[in-house]
Structures are given as structure tokens and as C-alpha cells.
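Since the structure comes first, as C-alpha cells, the remarks are kept for the end.
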Amino acid sequence: MIKRFIIAGILLALVGGGLIGFNLFRDRMITQIFANLPVQPLVVETAEVAPRTWQPVLNAIGTVNAIQGVDLTVEAAGILREVLFEPNSQVEEGQLLIRLDDVVQRADLEAARTQLELERTNLVRQQELQSRGVATSATLEATQAAFRAAEAQVARAEAVIEQRQVIAPFAGTIGLPRGDLGQYVQPGTIIATLQNLDTMRVDFSLPEQSLPDLFIGQTLHLTGDDPSRVFEAQISGIDPRVDPSSRLVAVRGTVDQADGALTPGQFIRLRLDLPQEEGVIALPQTAVVSSLYGDFVYVVGPREDDADTLEARQVFITPGRRSEGMIEVSDGLAAGDLVVTTGQNRLSNGAPVTLAEATAASAEVTQ
């Protein structure tokens, strides 16, 4: 019985050892096979690093406003009696637009004018009596004071009537009336908006670091909802004070428009071209890879142990300004370097590569 157990144990040990040995042998052979397999080079597109002319720009977002634009309001309370304009029509400076009920005020004006005529007659009479030596100087002075008071009452009555009217302060396009005939309105009620659409202004902000690059008359390029339509404007004002809370400086530009394409309150994108710079190292933005350790690119060059084989080496760079799909590189690259522009997600440091340009040329020769 014991002999049978011993024989079974030996057989189990032999079988288990054989299985373990087979697995170790299999893993070693697989490792050797994959280690000896040649790594297929990856086809990549590259761009040669070369100094170029750099066009630095400042980009911002602004709001379009009319160079002259106001919300028209009434100064006095009353009932709306007349609306003397058509919506979206052109009005002239000084044109009467709105009139409130002014029957009582006109009656007061007529009374003040009547009193003025009476005081004028009394003044003429007193002046004649004074010339004859009949009236005293005190009586003449009192009559003159009454006449001036009557003039002031007439001026006051005329001003009260003017407060019940809305006059166009400048020529422009009037908007929709915001009141109905017979409606009672309070002082400060907005009746309509008046905008001069011949010349528009653009208000925007830039970081305080950009302040030395700004000057009056500088050209701005504006684009709205249609990117193909570009408007040109000129800087007309720069706020001399930087906002301490946002560290931004307010800037204003003016643009003449003949077709009315810009509308007050419209969102607008701005581009401000700065003086060109020569000898700047710049790459397509697609060539730069961002990671937790910094920004880097893959530079293609021959291997140290095999000059006929190209490999991609990871090079960390210091990026700078961006403009029109290009990014400035201030450190890490030199003129003549070949930088991978597409296919970086498949690469690793030291991976063998072939150039897409060379592959295409080889294919043409084969054909």
C-alpha cells in the first residue's frame, strides 16, 4: 500500500515538473522570437526647422457700438400724445420725435407772455415818466425788476414745454417706438433708440503687457459671423489706466461702414498685426506634443550605432507665441532639424522611422 503512494507521488512530481518546465521553455522561446523580430519603421511626415519671418499678432474679442448712440427718454411725466417718426427711418438733428400732453403747460406759457407784455408796457411808461422827472428812481427799478421776472417766467414756461418733447440730438437711424399713444409715461422711460450707423466704434480689452505695442491709428482687422468678410478699423483711443482687478487696458477703434454690415451690440473678433520679426524659429502647431513633463517634439536623425537607420528622438522645447497655425520655439531646436509633424501618437523615444517623402519617391521609382 505504501509503495503505491510513493509511486503515485513520484508520477505527480514528474508530471508537475514537466508542465512547469514546458511553460518556462515556451515563455523563453516566445521572448527570444519577439526579441529577434525586426522592428518595422513607422512612416512619418516631417518639416525642416528654419528661421522665418514671424508676424506677431494680438487677438481679442470686442463689441460693436455706434459712434453716436443713445436711448431716448422723456424728462417729465405725462400722457403720450404724438409719435412723429417711423421705425428704422432716418431723422435729422433737432427733429421733433415725441410729444407729451402739454395743454396745461401751453396755457401757463400764454399767461406768462401776457404778463410779460403788461410788464413791458409798465416799464415803457415808467421810463417816460422818469425822463419827465415825474417818477422816482425806486419806482423805475421796481418796474424793471418786475419786467425781468416776467421774462424769466416766460423762459421757464417754454422750458417746461420743451421737457415734454423729445428732440433728436443728432442725425441717425431711429428704432422701434416703445410706447403707445395715450400711455402714461414716467420720467426716464425709454421711448426709442437713436443710432448713427455711418461710423462704428469697437470696444475691447487687451492684457497690460500689450500696452507698449499700441498706438493711435494702428490698423485692426475685424471679423464677425462671416469669417470671409474682414473690416478694417483704426485705434482711436487707449485708456491711460490699467484696470487693477483684471489687469486689462481698454482700447477703442473706429470703422467706417457704407453698407451697414455692422450692428451696434454685435460680437466681433479682432486681430492686430504687430511689426514683423526676422529669424524666428517656428513650427506647425501639430508638431508639438503637450505632456505633464512639458512640451516636446520628435526630431528625426540617424542612429548612433547605425547611420543608415533613422530614429525619432524626443526633444523638449520652450514654446512661445502662436499665430496662424504656427508656434514659436525659443529653445530646444536649431535650424536644419527635421521635426515630425504628423503621427507622433504612434512614436516613442528611439523608434525607427522612415520619411513619407522618401517612401513616396521610392514608390514612384518602383512603378
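With my numbering, letter number 143 in the sequence shown gets 314, and the count goes up by one each step, no holes. Here a beta-carbon is modelled for each residue, glycine too, at the ideal position from N, C-alpha and C.
> Can you give the Cα-Cα distance for E216 and A483, rounded to whole angstroms?
Replying inline: 12 Å
>> Is the separation between the beta-carbon of T394 and that of D444 shorter than 8 Å?
In response: no
>> Tell me the DSSP secondary structure of P340 in three-state form.
In response: DSSP places P340 outside both helix and strand once states are collapsed to three, so it counts as coil.
> Any chance the region 402–410 sits against the region 418–427, with 3 or more Cβ pairs inside 8 Å?
Replying inline: yes
>> Under DSSP, the beta strand (DSSP E) around R291 begins and ends at which residues?
In response: Careful: R291 lies outside any beta strand (DSSP E), inside the alpha helix (DSSP H) at 274–303.
> If you run the structure through DSSP and keep just helix, strand and coil, what is L347?
Replying inline: coil
>> Whole angstroms are fine: how far does the CA of D477 sit from the CA of V524?
In response: Cα-Cα distance, rounded: 13 Å.
> In its own chain, which residues sit with a C-beta less than 6 Å from the C-beta of P348, not counting the 5 before and 5 after it?
Replying inline: V254, A363, listed in sequence order.
>> If the criterion is Cβ atoms closer than 8 Å, does the pair I345 and F438 meet it?
In response: no
> Roughly how many angstroms lie between the CA atoms of G353 and V325, to the nearest whole one?
Replying inline: Linking G353 to V325 through their CA atoms gives a straight-line distance of about 28 Å.
> Cα-Cα, which of E449, R492, I409, Q485 is closest to P455?
Replying inline: It is R492.
> Quick one: is L183 buried, meaning 16 or more other Cβ sit within 10 Å of its Cβ, or exposed?
Replying inline: Exposed is the call here.
>> Quick check on the burial criterion: 16 or more other C-beta atoms within 10 angstroms. Buried or exposed for G507?
In response: exposed
> Who does I173 pair with in a DSSP beta bridge?
Replying inline: Answer is none; I173 lacks a bridge partner.
>> Give me the DSSP bridge partner(s) of A237.
In response: M371
>> If contacts are defined as beta-carbon pairs under 8 Å, then L271 and G304 qualify, I think. What distance do you get, rounded to the angstrom?
In response: No, L271 and G304 are not in contact; Cβ-Cβ is about 52 Å, not under 8 Å.
> Does DSSP put V356 in a helix, in a strand, or in coil?
Replying inline: strand
>> Taking the straight line between their C-alpha atoms, what separation do you get for P212 and G521?
In response: 11 Å
> Which runs of the alpha helix (DSSP H), 4 residues or longer, sit entirely within the region 421–448?
Replying inline: none
>> When you compare the CB positions of V470 and L526, do they come within less than 8 Å of one another, or not?
In response: no
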